[in-house]
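The next block holds one structure in the form of structure tokens; read it before the comments.
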Amino acid sequence: MGGTGMKAALVGADGTLLYEARRPTGRDRGADAVVESILGFAEDLRAHGIAHYGEPAAAAGVAVPGIVDADRGTAVYAANLGWSDVPLRDLLSARLAGVPVALGHDVRTGGLAEGRIGAGRTAERFLFVPLGTGIAGAIGIGGAIEPGAHGSAGEIGHIVVRPGGPPCGCGQRGCLERLASASAVSKAWAEASGDPEADAADCAKAVESGDPRALEVWHAAVDALADGLLTALTLLDPDTLIIGGGLAEAGETLFTPLRAAVAERVVQFQTLPDIVPADLGDTAGCLGAGLLAWDLIDAPKPAAPHPGPARPDPTDPDATEVTA
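Numbered per the UniProt record's numbering, the sequence shown spans residues 1 to 324.
Now the structure itself:
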């Protein structure tokens with residue numbers, strides 16, 4: 001689950017990605033509708049498994065944004081989805097005929113995948129930060145992802161980097177995700193360009209062409225992001241910062257100024273980490289959810305799920321095939 005879209009997959013025992021589909025969350029219809037969308041999507045995947053492979057999935061993993069209590073299986077809170085205290089694990093297990101279900105945080109689950117099979121696989125300590133609808137972080141230490149004492153470790157998006165700045169859904173003002181997420185850049189560029197349909201990708205293209213309005217928007221976001229990352233590296237001292245999400249698709253248009261901005265902020269007692277793009281793209285959370293499911297059951301676990309023949313969802317006109 002992301003802030004705007006859902007990705008789902010069936011993964012075989014040998015790690016082959018058998019089927020993949022995507023759907024919108026439908027968050028504009030309210031929290032209850034979002035929950036029902038998740039349950040219906042999972043039920044459709046179960047039916048697909050039975051119809052095409054002769055058996056249902058043996059376990060399920062689901063990753064959602066916000067505050068997550070994985071032990072209780074509860075989606076505690078998500079500002080961008082409008083829900084609180086949703087017993088998602090139990091709801092999914094009931095809808096899926098009682099199979100075991102693992103619930104994880106979307107970014108920590110993506111970090112699990114990046115840590116096991118992606119850009120963090122050789123790092124002892126890393127921070128995975130996807131820049132999407134919102135911003136959060138996954139703290140990888142010694143091959144494991146740190147959940148925190150209350151399930152909220154890594155919520156870097158709600159570090160206040162601009163006191164008194166724009167209001168955030170969490171109740172604060174000037175949060176990092178209100179200034180440096182893909183959605184924040186999209187909003188700022190739409191206003192600066194006068195095009196309500198413009199988004200962060202359009203802004204990146206305008207930056208590459210030297211548009212001064214785009215450069216101002218982009219540099220403001222990069223500066224805010226560098227301030228947030230400096231706080232994180234001061235506290236965590238990672239050897240690698242892994243940047244993913246939609247904004248990272250801008251490549252060196254993002255990474256060149258970001259590396260320079262972080263380097264400018266690092267002082268003598270700090271060590272500048274490697275700042276690298278995520279390996280798994282926007283499939284990290286989905287692959288991580290699959291790893292959570294495999295971890296639940298007593299079966300040979302694939303070392304690295306890999307793309308196999310993917311079939312688009314026949315009920316979803318916007319479904320896309322996995323390419324990573």
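Heads up, the beta-carbon is just placed ideally off N, CA and C, and yes, glycines get one too.
Keep in mind the model is a prediction, meaning the values are calculated, not measured.
Just to confirm the assignment, what range does the alpha helix (DSSP H) spanning Ala33 have? The residue given as residue 33 occupies position 33 in the sequence shown. Looking at the DSSP string, the run of the alpha helix (DSSP H) that includes Ala33 is Ala31 to Tyr53.
Measuring straight from C-alpha to C-alpha, what distance separates Glu249 and Arg116? Numbered from its first residue, the sequence shown carries residue 249 at position 249. Numbered from its first residue, the sequence shown carries residue 116 at position 116. Cα to Cα, Glu249 sits roughly 21 Å from Arg116.
Going by beta-carbon coordinates alone, are Ala138 and Gly110 separated by less than 8 Å? For the purposes of this step, residue 138 is taken as residue 138 along the sequence shown, with counting starting at 1. For the purposes of this step, residue 110 is taken as residue 110 along the sequence shown, with counting starting at 1. Contact: yes.
Please report the Cβ distance between Ala182 and Ala153, rounded to the nearest whole angstrom; I am assuming they are in contact, meaning their Cβ atoms lie under 8 Å. Sequence index remark: in the sequence shown, residue 182 carries index 182 (1-based). Sequence index remark: in the sequence shown, residue 153 carries index 153 (1-based). Not really, about 22 Å apart at Cβ, beyond 8 Å.
8 Å Cβ shell around Val35 - same chain, five flanking residues per side excluded: If you number the sequence shown from 1, residue 35 lands on position 35. Trp83, Val86, Leu88 and Leu91, listed in sequence order.
Measuring straight from C-alpha to C-alpha, what distance separates Ala284 and Gly118? What you label residue 284 is simply residue 284 of the sequence shown in a count that begins at 1. What you label residue 118 is simply residue 118 of the sequence shown in a count that begins at 1. Approximately 9 Å, taken between the alpha carbons.
Would Ala79 and Cys203 qualify as a contact pair, given that the criterion is a beta-carbon distance under 8 Å? Taking the sequence shown and counting its residues from 1, one reaches residue 79 at position 79. Taking the sequence shown and counting its residues from 1, one reaches residue 203 at position 203. Result no, Cβ atoms of Ala79 and Cys203 do not sit closer than 8 Å.
6 Å CB neighbourhood of Pro300 in its chain, flanking five on each side removed: Position 300 of the sequence shown, counted from the first residue, corresponds to residue 300. Below a pLDDT of 50, predicted positions are generally treated as unreliable, and Pro300, at 49, falls in that range; no measurement from the model is reported.
Helix, strand or coil: how does DSSP classify Ser181 here? Within the sequence shown, the letter at position 181 stands for residue 181. Residue state, collapsed to three classes: coil.
Residue ranges of each alpha helix (DSSP H) run of no fewer than 4 residues wholly in the region 75 to 134, ordered along the chain? 88 to 95 and 106 to 117
What does a CB cutoff of less than 6 Å around Ala59 pick up in its chain, not counting 5 residues either side in sequence? The count along the sequence shown starts at 1 and reaches residue 59 at position 59. Correct list, in chain order: Val99, Pro100, Ala293, Leu296 and Ile297.
Ends of the beta strand (DSSP E) at Gly244? As a first step, residue 244 must be located in the sequence shown, where it is residue number 244. Residues Thr240 to Gly244.
For the candidate residues Cys286, Gly120, Leu81 and Leu258, whose alpha-carbon lies nearest to that of Ala31? Here residue 31 is taken as the residue at index 31 of the sequence shown, counted from 1. The option with the nearest alpha carbon to Ala31 is Leu81.
Is Leu10 helix, strand or coil when you go by DSSP? The count along the sequence shown starts at 1 and reaches residue 10 at position 10. DSSP places Leu10 in strand when its eight states are reduced to three.
When DSSP builds the beta bridges, which residues end up paired with Arg265? Taking the first residue of the sequence shown as 1, we reach residue 265 at position 265. Its beta-bridge partners do not exist; DSSP assigns none.
Own chain residues within Cβ distance below 8 Å of Gly3, not counting five before or after: By 1-based counting over the sequence shown, the position of residue 3 is 3. Around Gly3: Thr25, Arg27, Pro65, Asn80, Leu81, Gly132, Thr133, Gly134 and Ser183.
Ile50, buried or exposed, once every other Cβ within 10 Å from all chains shown has been counted against 16: By one-based count along the sequence shown, residue 50 stands at place 50. Ile50 comes out exposed.
Does the structure place the region 153 to 162 close enough to the region 257 to 271 that three or more beta carbon pairs sit under 8 Å? no
Could you pull out every unbroken alpha helix (DSSP H) segment of at least 4 residues lying fully inside the region 184 to 211, listed in chain order? 200 to 208
Residues near Gly165 in its chain [Cβ-Cβ closer than 7 Å; skip 5 each side]: One-based indexing of the sequence shown puts residue 165 at position 165. Cβ neighbours of Gly165 beyond the five flanking positions: Arg173, Gly174, Arg178 and Leu179.
Report buried or exposed for Gly251, applying the criterion of at least 16 other Cβ atoms within 10 angstroms of its Cβ. Residue mapping note: residue 251 aligns to position 251 of the sequence shown, counting from 1. Counting Cβ neighbours within 10 Å, Gly251 comes out exposed, since fewer than 16 surround it.
Look at Ala113 and Leu287 and say whether their C-beta atoms are less than 8 Å apart. Position 113 of the sequence shown, counted from the first residue, corresponds to residue 113. Position 287 of the sequence shown, counted from the first residue, corresponds to residue 287. Yes; because the gap between Cβ atoms is below 8 Å, this pair is in contact.
Using the Cβ count rule (16 or more neighbours within 10 Å means buried), how would you classify Arg23? Numbered from 1 along the sequence shown, position 23 holds the residue referred to as residue 23. Its Cβ being crowded by 16 or more others within 10 Å, Arg23 is buried.
Is it buried or exposed for Tyr77, if we count other Cβ within 10 angstroms and need 16 for buried? In the sequence shown, the residue the question calls residue 77 occupies position 77. Per the 10 Å Cβ criterion, buried.
Glu20 in three-state terms, based on DSSP: Taking the sequence shown and counting its residues from 1, one reaches residue 20 at position 20. Note: Glu20 maps to strand in three-state DSSP.
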